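Residue numbers (the working numbering): 72 to 223.
A short worksheet on the structure shown next.
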Amino acid sequence: MEILDLLKKETIKVDLKSKNKRGILNELVAPIADKYKIKQDKIVKVLLEREKLGSTGIGDGIGIPHGKLQDIDSFILGLGISKQGVDFDSMDGKPAYIFFLLIAPVDSTGTHLKLLSKISKILRNELFREKLINAINSDEILSLIQKENEKI
């Protein structure tokens, strides 16, 4: 399963406005809740529970909030960009700008971990991260991800 198989134009937000973790999670979840007809607060609760285990702010300006949700049978992926950066309790103590949101079915541990690994892998390239942060719309983001996927 590839990132572009899951990431939909409607679940990409190129200009997140929130200034804190909870706000960012709400903004990331809103288009997913709408598209997939899942209660927003249900998803946010799962993500906040996961954050209690340890921050999903992995450093280098990246946050990958993720969690498992009952009553879904396929993976859901969203992406958001914060132009100003947000304190996301990142491992390196720096603000996060790029947020991939992954929601997985409860019984999907292997595939869930593989997808997290693929997301981390494409985000290793600093130039790619800069291009994502400066992208102006979801079409540009999808194109950038396509090109980066071809390199790895």
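No residue lacks a Cβ here, since even glycine has one placed at the ideal position from N, Cα and C.
Please read all numbers here as calculations on a predicted model, not as lab measurements.
| Check | Outcome |
| --- | --- |
| Inter-residue spacing [alpha-carbon to alpha-carbon] between L186 and T127 | 14 Å |
| Reduced DSSP secondary structure (H/G/I, E/B, other) of A206 | coil |
| Nearest residue (CA-CA) to I169, options K218, I147, N196, D178 | N196 |
| DSSP-derived helix/strand/coil call for G128 | strand |
| Spatial distance of I103 from I109 (CA atoms) | 8 Å |
| 3 or more residues per run - each beta strand (DSSP E) lying fully within the stretch 151-202 | 167-176 |
| C-alpha distance - G132 paired with Q141, whole-angstrom precision | 30 Å |
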